[in-house]
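The structure appears right after this line, and notes come after that.
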Amino acid sequence: MTAADEDRLTVAQFEAHAAATDQLDLGEMDTPILGLVGEVGSLVSALKKKRRDTDGFFGYHEAVVEELGDVLWYVSAVARRGGSSLVEVIEKAAGGDRKSPPVGFDDLMASDAADDNGAFEHALLELAGEVGSVAKRFTNGAYRGGADALRRDLVKFVRPLSRAAGAADVTLAAAARDNLNKIEDRWPTERRFPAPRDGGLHIDEQLPRRMRVLIYEREVNGTKFVFQKSGGMLLGDRLTDNHLPDDDYRFHDVFHLAYAAVLGWSPTTRALLKIKRKSQKAVDENEDGARANLIEEGLTTWIFETAKQHRFFANTPNLGLDLLKDVKRFVRGYEAEKLPMWLWESAILQGYAVFRELQVARSGVVLADLDSRRIWVESMTEADRVACGIIA
-10 MTAADEDRLT VAQFEAHAAA TDQLDLGEMD TPILGLVGEV GSLVSALKKK
40 RRDTDGFFGY HEAVVEELGD VLWYVSAVAR RGGSSLVEVI EKAAGGDRKS
90 PPVGFDDLMA SDAADDNGAF EHALLELAGE VGSVAKRFTN GAYRGGADAL
140 RRDLVKFVRP LSRAAGAADV TLAAAARDNL NKIEDRWPTE RRFPAPRDGG
190 LHIDEQLPRR MRVLIYEREV NGTKFVFQKS GGMLLGDRLT DNHLPDDDYR
240 FHDVFHLAYA AVLGWSPTTR ALLKIKRKSQ KAVDENEDGA RANLIEEGLT
290 TWIFETAKQH RFFANTPNLG LDLLKDVKRF VRGYEAEKLP MWLWESAILQ
340 GYAVFRELQV ARSGVVLADL DSRRIWVESM TEADRVACGI IA
């Protein structure tokens, strides 16, 4: 995105989108103010890491852009609940009531451009003081009498915010745009499944749009293994947990099936089914190759360790934003990076729902439907049990 694109984003446009994606309780101010304090703390933390690790802190600029955008979102949320708006706050901070043209973030940046003494750390310290004042005055009931007091304090707050952005060589417009992109990736106004990336290829190179996989546990010479079978053929190797104590990771291939069904992406499933995209040399080598397979396996193991701490996501309707951002960082540079966070969440939660059922039943028929982006498990029929050599 160019600077011109960012400058065209008005404060009103940002605020409208922020309001549409605001999932906090509209009747209370505590959470937005806590969020505002927390995001300022994250900005300070980024600076601390930069000073401590110098060039060893990778992603510093990216972190500052993200945290500045989050701060703007929470300023909007606080102002809205206090009877004001981000537009009013930015207008007054920029030096007056503007009616035309619509106020933009660049108006505030121009009025509060950083000078030689406006270094990032100094602006952040001032910002921390102002957010502390907002929190204290809120707890003391200073904002119960109307919108004016809160608006004045938010104006005082956003001025050092703009100086911090300028000192960090970031525009507030860029931070706002980044925040909108992140919100749309996580909580879109309309959920549309991306088209499968193999849609135009021969069926031999497409992930199956429907799969029926028998997964079952069987003891061999005193050791319990998990097997997978589809179309009468075994898929891959028999699996153990490779871990002490046992944690049922032997059933983890259901996660790869979930990625294939919900995301339309799984180098591991392609390898198991021998359906790599051989007609496209670069795709075959890079997107379906060994490294991509290792990325998927590593991601699956990492999520599993997190899931173990949360009862394998039982009674977890939503995944944390930080986890989903880390997932996208994990697959950066691969086609899966383009998949939205909300779809990753669906794939992970559906996969773990199947996993938990297999933990209890120790066998089942896993059904995957790429057209509807669903994966689920059913009990085996008698014919399935015979095909797997399971004796009742």
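Residue 4 in the working numbering sits at position 15 of the sequence shown; the count goes up by one each step and never skips. Glycine residues also receive a C-beta, built at the ideal position from the N, C-alpha and C atoms. Bear in mind that the values here come from a model prediction, so they are computed numbers and not experimental data.
- Following the DSSP letters along the chain, one finds Trp365 inside the beta strand (DSSP E) bounded by residues Arg363 to Glu367.
- Counting along the chain, Lys327 sits inside no beta strand (DSSP E), nor does DSSP assign it H or E at all.
- Scanning the stretch 145 to 230 from its first residue to its last, the whole alpha helix (DSSP H) runs of 4-plus residues come out as 161 to 175.
- Beta-bridge partners assigned by DSSP to Val355: Val202 and Val366.
- If you draw a straight line from the Cα of Val67 to the Cα of Thr295, it comes to about 32 Å.
- Around the beta carbon of Asn210, a 10 Å sphere encloses fewer than 16 other beta carbons of the protein chains shown; the residue is thus reported as exposed.
- Annotated as distal: Leu36 and Leu161, with beta-carbon spacing of 8 Å or more.
- For Thr(-1), the three-state secondary structure derived from DSSP is strand.
- By the C-beta density criterion, Asn170 is exposed, having fewer than 16 other C-beta atoms within 10 angstroms.
- In this structure, the CA atom of Ile284 is about 18 Å from the CA atom of Asn231.
- Distance from the CA of Asp96 to the CA of Ser335, rounded to the nearest whole angstrom, comes to 40 Å.
- Exposed is the label assigned to Leu233, since fewer than 16 other Cβ atoms lie within 10 Å of its Cβ.
- In the structure shown, Gly93 falls within a strand segment according to DSSP collapsed to helix, strand and coil.
- The DSSP-derived three-state label of Lys265 is coil.
- By the neighbour-count criterion, in which a residue is buried when 16 or more other Cβ atoms sit within 10 angstroms of its Cβ, Glu17 is exposed.
- For Glu276, the secondary structure class from DSSP, reduced to helix, strand or coil, is coil.
- The C-alpha of Phe3 is placed about 51 Å away from the C-alpha of Lys218.
- The alpha-carbon of Val78 is positioned some 11 Å away from that of Arg69.
- Here the alpha carbon of Glu55 sits roughly 46 Å from the alpha carbon of Leu223.
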